[in-house]
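Peer 1: Residue numbers (our numbering): 69 to 306.
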């Protein structure tokens, strides 16, 4: 089996999750409180993935390249946020949620590259991280599909567009693994640091920030820690 196909197969669950999320959102969009609950749970899963899978691997390398990777990762994520705000400002009058589609596509590409890095560290790391990112892709598909349905483009496109976008994660994972797997230890350590920051940024500046746009509840807060523990148990069982 070609390496690209071998890697693409484990990335199918996020695509399936996107299909499910798009279908649910197009037919019956979740209430804001439900979305916040899902975001908290997903944030706990992704945070746990960064803490239990990527950070321990960061510590097996020299500290300097990892710190450089942290700095590069932070700079990259801040640059993406600045670009996203420019896009949102210029396209805020558009009938379709073009800015949301663009920002989501960028998120999926970044997630795919991080997944490619994880698979280059080992199949187990990649598979476990796939579980975490599957839930994130589910929520992204929910958001995009609900926004498209609200714009009145029809259910078919509201379902099809998020499904097609989810393939970006699989494509980026395959490309990232092919490019990064043969790197020498020093640049690879920097790359691991970058990937760790990307996941932590996703949790703190995207998932939790959006989740707190609605009044917080004890149940939603608990969902974050439930997600963390669920991933902790899953990682320990593999």
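Glycine residues also receive a C-beta, built at the ideal position from the N, C-alpha and C atoms.
Quick one: residues in its chain with C-beta nearer than 8 Å to the C-beta of residue 138, no 5 flanking neighbours on either side, listed in chain order?
Peer 2: If we look at residue 138 and ignore the five residues flanking it on each side, its Cβ neighbours are 261, 262, 264, 265.
Peer 1: Among 131, 121, 162, 172, which has the Cα closest to the Cα of residue 149?
Peer 2: The shortest C-alpha separation from residue 149 is found at 172.
Peer 1: Under three-state DSSP, which class holds residue 297?
Peer 2: Looking at residue 297 - three-state DSSP - the assignment turns out to be helix.
Peer 1: Contact check, residue 112 vs residue 291 under 8 Å by CB: the rounded distance?
Peer 2: Confirmed, Cβ separation roughly 7 Å.
Peer 1: What does a CB cutoff of less than 8 Å around residue 123 pick up in its chain, not counting 5 residues either side in sequence?
Peer 2: Excluding positions up to five away in sequence, the list reads 264.
Peer 1: Would you say residue 227 and residue 94 are within 8 Å of each other, going by their C-beta atoms?
Peer 2: Yes.
Peer 1: In angstroms, rounded to a whole number, what distance separates the CA positions of residue 221 and residue 275?
Peer 2: About 26 Å.
Peer 1: Please go through the same chain and pick out, in chain order, the residues whose beta-carbon is closer than 8 Å to the beta-carbon of residue 273, but skip the five residues on each side of it.
Peer 2: Around residue 273: 145, 149.
Peer 1: Alpha carbons only, please: which of 217, 242, 240, 241 is nearest the one belonging to residue 230?
Peer 2: Here the closest residue by C-alpha is 217.
Peer 1: Going by beta-carbon coordinates alone, are residue 237 and residue 190 separated by less than 8 Å?
Peer 2: Not closer than 8 Å, so no.
Peer 1: Ends of the alpha helix (DSSP H) at residue 269?
Peer 2: Its alpha helix (DSSP H) spans residues 253–269.
Peer 1: Where does residue 158 sit, in a helix, a strand or coil, going by DSSP?
Peer 2: Helix.
Peer 1: Compute the minimum distance between the beta carbon of residue 183 and the heavy atoms of the ligand ATP, and state whether it is under 7 Å.
Peer 2: Ligands in the displayed structure: none, and consequently the ligand ATP is not present.
Peer 1: If we call anything under 8 Å between Cβ atoms a contact, is residue 288 one with residue 116?
Peer 2: No; because the gap between Cβ atoms is not below 8 Å, this pair is not in contact.
Peer 1: Hey, residue 196 and residue 248: beta-carbon distance below 8 Å or not?
Peer 2: Contact: no.
Peer 1: In terms of alpha-carbon separation, which member of 176, 192, 127, 91 lies closest to residue 75?
Peer 2: Ranking the options by Cα distance to residue 75, first place goes to 192.
Peer 1: Using three-state DSSP, classify residue 203 as helix, strand or coil.
Peer 2: Here residue 203 sits in helix by DSSP.
Peer 1: Pick from 212, 213, 214, 182: whose alpha carbon is nearest that of residue 200?
Peer 2: Of the listed residues, the one whose Cα sits closest to residue 200 is 182.
Peer 1: Which whole runs of the beta strand (DSSP E) in the segment 88–125 are 3 residues long or more, in chain order?
Peer 2: With a minimum length of 3 residues, no continuous beta strand (DSSP E) run stays inside the segment 88–125.
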